[in-house]
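>
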Ligand SMILES: CC(C)(COP(=O)(O)OP(=O)(O)OC[C@H]1O[C@@H](n2cnc3c(N)ncnc32)[C@H](O)[C@@H]1OP(=O)(O)O)[C@@H](O)C(=O)NCCC(=O)NCCS
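In the UniProt record's numbering, the protein residues as written are 1 to 350.
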């Protein structure tokens with residue numbers, strides 16, 4: 001274990017140590033803290049995937065320099081901060097996730113972890129820190145502890161996201177089928193293609209183009225954030241890495257028949273060890289091909305495919321910016337319902 005800091009003052013018995021992937025106790029502690037701290041505030045979340053964690057501590061997602069720091073009090077691991085430093089774009093940013101075990105909160109651990117990660121990032125030119133956390137429940141009542149924590153640390157909410165949930169055990173299957181049937185005639189001249197962990201090689205360039213435009217297309221409120229720089233090679237490595245995590249992705253692309261170009265895609269992802277829950281991730285339609293229901297069609301077809309192969313899946317969760325009215329309209333029509341509101345935090349620490 002590499003000792004990074006011992007904090008004087010309020011918490012003399014608190015030390016912060018970078019996670020060593022060769023230390024099984026530290027890897028175990030990081031898993032337990034991550035899983036338990038999240039479930040304490042979000043009991044309806046799927047549990048974290050241990051198999052993915054074991055691989056991820058050695059193999060972060062391509063494009064991210066990830067450092068995890070554990071906080072020990074009297075030798076006991078009680079909290080962690082994950083610092084993700086993008087390496088191809090957003091070179092002045094660090095994305096921080098601070099997590100403290102519930103029974104050890106309000107004793108300065110979170111603040112100490114945050115300060116440590118800010119200092120670590122600043123030494124690497126990261127003058128802007130970002131974070132993402134739940135702030136209110138579906139009724140708008142405050143939930144979790146991140147809002148007062150973020151306020152105490154000087155972070156501002158720059159963009160509000162809403163998590164929506166589709167419960168497949170009560171979904172209106174007839175309505176979903178009707179939506180797909182009435183949409184298809186509007187998409188004459190387009191066809192769908194599907195893949196899991198290995199997208200067709202010939203589509204990678206178009207996928208990278210769509211991915212790179214994602215942030216510029218989706219609302220980003222007051223966030224200071226560049227679109228990701230994605231190319232075919234980075235994308236190939238992203239999918240290879242996810243496969244190593246054991247993730248089960250379901251993805252549907254839409255091809256414009258006349259040109260053979262990929263112009264839309266929608267992605268669902270399940271973890272290796274949780275069979276009842278899926279995340280609806282990106283859905284994106286090229287601006288020149290909007291108005292043909294390609295977003296709705298790719299989402300519905302993708303969902304159909306996943307359900308056919310994953311009979312135990314019951315819950316699909318998704319995040320959208322509160323102002324993303326087009327995507328929200330599609331989601332609400334499919335039966336997704338708002339659950340809670342999340343803040344995209346950001347602060348300059350220069
Ligand atoms: C948010 C979290 C990391 C805070 O950890 P912590 O160790 O309790 O934080 P600290 O004790 O260092 O709190 C620092 C300050 O934040 C504020 N704060 C933190 N939690 C608070 C709460 N529940 N209510 C009111 N203020 C709170 C206080 O001003 C506190 O200082 P004080 O205790 O001297 O008044 C922890 O609650 C957690 O893991 N939550 C779940 C994950 C999460 O939301 N992470 C934040 C992502 S940005």
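Beta carbons are placed, not taken as given, at the ideal position from N, Cα and C, and that holds for glycine.
#1: Leaving out five residues on either side along the sequence, give the residues of the same chain with a beta carbon under 8 Å from the beta carbon of residue 235.
#2: Beta-carbon within less than 6 Å of residue 88's beta-carbon, same chain only, minus the 5 sequence neighbours each way: which residues are those?
#3: Pick from 45, 25, 95, 97: whose alpha carbon is nearest that of residue 72?
#4: Leaving out five residues before and five after residue 117 in sequence, what residues of the same chain have Cβ atoms less than 6 Å from its Cβ?
#5: Going by other Cβ atoms of all chains shown within 10 Å of its Cβ, with 16 needed for buried, is residue 346 buried or exposed?
#6: Take residue 124 and list the residues in its own chain whose beta-carbon comes closer than 7 Å to its own, dropping the five residues that flank it on each side.
#7: From what residue to what residue does the beta strand (DSSP E) around residue 158 run?
#8: Which whole-angstrom value describes the C-beta separation of residue 271 and residue 252, a residue pair presumed to lie in contact below a C-beta threshold of 8 Å?
#9: Answer yes or no: do residue 254 and residue 298 have a C-beta to C-beta separation smaller than 8 Å?
#10: Cα separation between residue 349 and residue 127?
#11: CB-CB under 7 Å to residue 337, same chain, minus the five flanking residues each way: which ones, in chain order?
#12: Could you check what DSSP says for residue 132 in three-state terms: helix, strand or coil?
#13: Could you check what DSSP says for residue 79 in three-state terms: helix, strand or coil?
#14: How big is the Cα-Cα spacing for residue 17 and residue 100?
#15: Who are the Cβ neighbours of residue 294 in its own chain at under 8 Å, not counting the five residues just before and after it?
#16: Based on the DSSP secondary-structure assignment, which residues constitute the bridge partners of residue 278?
#17: Per DSSP, what kind of secondary structure is residue 270 in: helix, strand or coil?
#18: For a test of the three-state rule: what should DSSP assign to residue 85, helix, strand or coil?
#19: Starting from residue 104, trace the alpha helix (DSSP H) both ways and give me its first and last residue.
#20: Determine the contact status of residue 321 and residue 218, defining contact as a CB-CB distance below 8 Å.
#21: In chain order, what are the residue ranges of uninterrupted alpha helix (DSSP H) at least 4 long that sit wholly in the stretch 198-246?
#22: Taking only the alpha-carbon atoms, compute the straight-line gap between residue 341 and residue 47 and give it to the nearest angstrom.
#23: Going by DSSP in three states, residue 31 sits in which element: helix, strand or coil?
#24: Report the three-state DSSP secondary structure of residue 324 (helix, strand or coil).
#25: Tell me whether residue 98, by its Cβ, gets closer than 7 Å to a heavy atom of ligand 1.
#26: Can you pull the DSSP bridge partners for residue 348?
#27: Just to confirm, are residue 27 and residue 57 a CB contact at a threshold of 8 Å?
#28: Whole angstroms are fine: how far does the CA of residue 76 sit from the CA of residue 355?
#29: Keeping to the same chain, check which residues put their C-beta closer than 6 Å to that of residue 278; ignore five residues upstream and five downstream.
#30: Please classify residue 93 as buried or exposed, where buried requires at least 16 other C-beta atoms within 10 Å of its C-beta.
#31: Taking DSSP's pairing of strands, which residues face residue 192 in a bridge?
#32: Straight-line CA distance for residue 339 to residue 274?
Per the coordinate set shown:
#1: The sequence position of residue 235 within the chain shown is 235, counting from 1. The residues are 199, 204, 207, 208, 211.
#2: Within the chain shown, the letter at position 88 stands for residue 88. 63, 229.
#3: Numbered from 1 along the chain shown, position 72 holds the residue referred to as residue 72. Residue 25 is the option with its Cα nearest to residue 72.
#4: What you label residue 117 is simply residue 117 of the chain shown in a count that begins at 1. The beta carbon of residue 117 is closer than 6 Å to those of 81, 83, 96 in its chain, skipping five residues each way along the sequence.
#5: Residue numbering aside, residue 346 sits at position 346 when the chain shown is read from its first letter. By the 10 Å Cβ count, residue 346 comes out buried.
#6: The sequence position of residue 124 within the chain shown is 124, counting from 1. Excluding sequence neighbours, residue 124 sits near 85.
#7: Numbered from its first residue, the chain shown carries residue 158 at position 158. Unbroken beta strand (DSSP E) run through residue 158: 156-167.
#8: Looking up residue 271 in the chain shown gives position 271. Looking up residue 252 in the chain shown gives position 252. Rounded, the Cβ-Cβ distance is 20 Å, inconsistent with contact.
#9: For this step, residue 254 is matched to residue 254 along the chain shown. For this step, residue 298 is matched to residue 298 along the chain shown. It is a contact, given that the beta carbons lie within the stated cut-off.
#10: Along the chain shown, read from residue 1 onward, the residue named residue 349 stands at position 349. Along the chain shown, read from residue 1 onward, the residue named residue 127 stands at position 127. So the alpha carbons of these two residues sit roughly 5 Å apart.
#11: Along the chain shown, one-based indexing puts residue 337 at 337. Result list for residue 337: 164, 165, in chain order.
#12: Residue numbering aside, residue 132 sits at position 132 when the chain shown is read from its first letter. If DSSP states are grouped into helix, strand and coil, residue 132 belongs with the strands.
#13: Translated into the one-based positions of the chain shown, residue 79 becomes position 79. In the structure shown, the three-state DSSP call for residue 79 is strand.
#14: The residue labelled residue 17 in the question sits at position 17 within the chain shown. The residue labelled residue 100 in the question sits at position 100 within the chain shown. Cα-Cα distance, rounded: 15 Å.
#15: Sequence index remark: in the chain shown, residue 294 carries index 294 (1-based). Same-chain partners within the cutoff: 187, 190, 254, 263, 264, 285.
#16: Start at 1 with the first residue of the chain shown, and residue 278 comes out as number 278. For residue 278, DSSP records a beta bridge to 316.
#17: In the chain shown, counting from the first residue as 1, residue 270 sits at position 270. Strand.
#18: Taking the chain shown and counting its residues from 1, the one referred to as residue 85 is at position 85. Strand, per DSSP.
#19: Within the chain shown, numbered from 1, the residue matching residue 104 stands at position 104. Here residue 104 belongs to no alpha helix (DSSP H), and DSSP marks it neither H nor E.
#20: The sequence position of residue 321 within the chain shown is 321, counting from 1. The sequence position of residue 218 within the chain shown is 218, counting from 1. It is a contact, given that the beta carbons lie within the stated cut-off.
#21: Considered as a whole, the stretch 198-246 harbours 204-217, 232-245 as its complete alpha helix (DSSP H) runs of no fewer than 4 residues, in chain order.
#22: Your numbering for residue 341 matches position 341 in the chain shown. Your numbering for residue 47 matches position 47 in the chain shown. The straight-line gap from Cα to Cα measures roughly 20 Å.
#23: Translated into positions along the chain shown, residue 31 becomes position 31. Helix.
#24: Counting from 1 along the chain shown, the entry for residue 324 is found at position 324. Residue state, collapsed to three classes: coil.
#25: In the chain shown, residue 98 corresponds to position 98, counting from 1. Because some heavy atom of ligand 1 lies under 7 Å away, the Cβ of residue 98 counts as near it: yes.
#26: Numbered from 1 along the chain shown, position 348 holds the residue referred to as residue 348. 128, per the DSSP bridge assignment.
#27: Position 27 of the chain shown, counted from the start, is the residue given in the question as residue 27. Position 57 of the chain shown, counted from the start, is the residue given in the question as residue 57. Result yes, Cβ atoms of residue 27 and residue 57 sit closer than 8 Å.
#28: A query on residue 355 cannot be resolved here, the shown segment of the chain reaching from 1 to 350 and no further.
#29: Stepping through the chain shown from its first residue, residue 278 is reached at position 278. Only 268, 270, 313, 316 meet the Cβ criterion.
#30: On the chain shown, residue 93 is found 93 positions in, with the first residue counted as 1. By the neighbour-count rule (16 or more Cβ atoms within 10 Å), residue 93 is buried.
#31: Here residue 192 corresponds to residue number 192 of the chain shown, with the count starting at 1. 254.
#32: The count along the chain shown starts at 1 and reaches residue 339 at position 339. The count along the chain shown starts at 1 and reaches residue 274 at position 274. Between residue 339 and residue 274, the C-alpha separation is close to 20 Å.
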